Every structure is written in structure tokens, then in C-alpha cells.
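Numbering (our numbering), first residue to last: -16 to 168. Note that the Cβ used here is the ideal one computed from N, Cα and C, for glycine as well. Keep in mind that this is a model prediction, so the values were computed, not measured. Here's the structure we're looking at; comments come further down.
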């Protein structure tokens, strides 16, 4: 799991994670190695494992001391102009057209079931049968900027899918790993 406990990496890397699931876990391999080398007993391993699970379940800290962030690390970002005025008068029809574009899965793409469900909701939103959620509003904003000629560049580990699995700007086929970018394709 990533930093988001509902993280499902097979949405964006289906073939790789199908292969990973077929392997024994690192915890299992390493604990067996420690027990076999008599570095730790099976009982001690079970005790430590249970203790850590209990700490996590209770919401307690696993690490008590953290280094303070140096404010100087942020100096290069301070005092900069980060916002640009933007004036758009998109018509309702144009927004609906963009909404339909970003809520359509091509026939040759067979995505993860969660992505299919997300796109079904988006289709309802595009047809005005459901209120917009954060992910759809965000995608409409991006789509409208691209449509008006602005170039967008996403960066970060979860930029295609969205940190909270809300974006899915790039749809990954679970069978072939073919990708489709709904914003640019």
C-alpha cells in the first residue's frame, strides 16, 4: 500500500501487480531467513509482528523522533507569483462536450473495475444526471484549459490516477497495459 490506505496500484500497472501478487511477500521471505539463521526465534518474530500491528491499529507512533524541517528549504519558493489570471466564458454546451469526452472509455481498453465504476459516475455527470464530484470538476478544469490551448504538465507519483484515486486521466487496460489519456487522446 502507498500513503493512501485505499491505494490500488493495479489500476495503473495491472500486469506488473498481477505478477507481484504471485510472489511470496518480502516480510515472509525475510522473517523465514531470520528464523532459519537463528537471528530471531519464531516466537520473538510473532511477538514483534503482533506488537507492531497493535501500535498501528491503536494509531500510536512507530517513530518518536523526527528531524525538524529547515525553513530555509522553502526560501526559493517564498515571494513568487504562483497564480495567473484566467478568464474563460465556456458555454454550458462546451462543458458538456468536454465532460462527455473525459468520461468515455474506448472500446479497446478494459480497465480495472474501480475505474469502470468511476467512469460510469462521470458519464452520469456528463449527462446531468448526477452532480459533479471533485475528480470530475478537476478533470473538466484541465480539459477546458487544454481545449483553449494551454499546455498542462502533471508531475508526481499519482498524477495519472490522482492521489485519492479521483482523477484517472490515463486509463490502463488490465489485459494489455495499453494506456489512453482522456485529456489528450
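Assuming residue i and residue j are in contact, meaning their beta carbons sit under 8 Å apart, how far apart are those beta carbons, in whole angstroms?
i           : j           : result
residue 79  : residue 109 : 6 Å
residue 155 : residue -5  : 5 Å
residue 131 : residue 71  : 7 Å
Short of 7 Å in beta carbon distance, which residues of its chain neighbour residue i, apart from the five on each side in sequence? Order them along the chain.
i           : result
residue -14 : For residue -14, the predicted structure reports a pLDDT of 48, less than 50, and the residue's modelled location is therefore unreliable. The matter cannot be settled from this model.
residue 122 : 85, 150 and 152
residue 159 : none
residue 21  : none
residue -2  : 160
residue 135 : 125, 128 and 129
residue 61  : none
Using the Cβ count rule (16 or more neighbours within 10 Å means buried), how would you classify residue i?
i           : result
residue 13  : exposed
residue 81  : buried
residue 105 : buried
residue 46  : exposed
residue 89  : exposed
residue -16 : The predicted position of residue -16 is uncertain, since its pLDDT is 41 and thus under 50; no value can be drawn from it.
residue 101 : buried
residue 118 : buried
residue -12 : With a pLDDT of 49 at residue -12, under the threshold of 50, the modelled position of that residue is not reliable, and no figure is offered here.
If I measure Cβ to Cβ from residue i and keep anything under 8 Å in the same chain, skipping five residues before and after, which residues do I get?
i           : result
residue 97  : -9, -6 and 148
residue 107 : 113
residue 28  : 14, 17 and 18
residue 95  : -9, -7, -6, -3, 155 and 157
residue 137 : 143 and 152
Who are the near neighbours of residue i in its chain, counting only those whose CB is closer than 6 Å to its CB and skipping five residues on each side?
i           : result
residue 77  : none
residue 93  : 156, 157 and 158
residue 116 : none
residue 8   : none
residue 163 : 89, 92 and 154
Quick one: what's residue i bridged to in DSSP?
i           : result
residue 164 : 153
Would you please verify whether the beta carbon of residue i is less than 8 Å from any beta carbon of chain B?
i           : result
residue 101 : The chain labelled as chain B is not found in the depicted structure, where only one protein chain is given.
*Can you find at least 3 beta carbon pairs, one from the region 125 to 134 and one from the region 70 to 90, that sit closer than 8 Å?*
They touch, by the three-pair rule.
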